[in-house]
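Next up, the structure:
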């Protein structure tokens, strides 16, 4: 597959994904202390990491 064909293919696939709202979007958030996040003014538990219980900072 030539470079031009590959670029056309990728551009078409990206456009399809955008039309289907299937493109990943990273939203800015604040307060990343490991356990919680502040997203759009609301505090949320961060289950996306492996320290949502905060045990990495436990003294034991």
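In my numbering, the protein residues as written are 3 to 62.
Every residue gets a Cβ at the ideal spot worked out from N, C-alpha and C, and that includes glycine.
Taking residue i as the reference, which of the options has the closest Cα?
i          : options        : result
residue 52 : 60, 41, 21, 37 : 37
Can you list, in chain order, the residues of its chain whose CB lies under 6 Å from that of residue i, leaving out five sequence neighbours each side?
i          : result
residue 19 : 25
Can you give me the start and stop residues for the alpha helix (DSSP H) that residue i sits inside?
i          : result
residue 37 : Neither: residue 37 is in no alpha helix (DSSP H) and is coded neither H nor E.
Which stretch, first to last residue, makes up the beta strand (DSSP E) that contains residue i?
i          : result
residue 46 : 44 to 47
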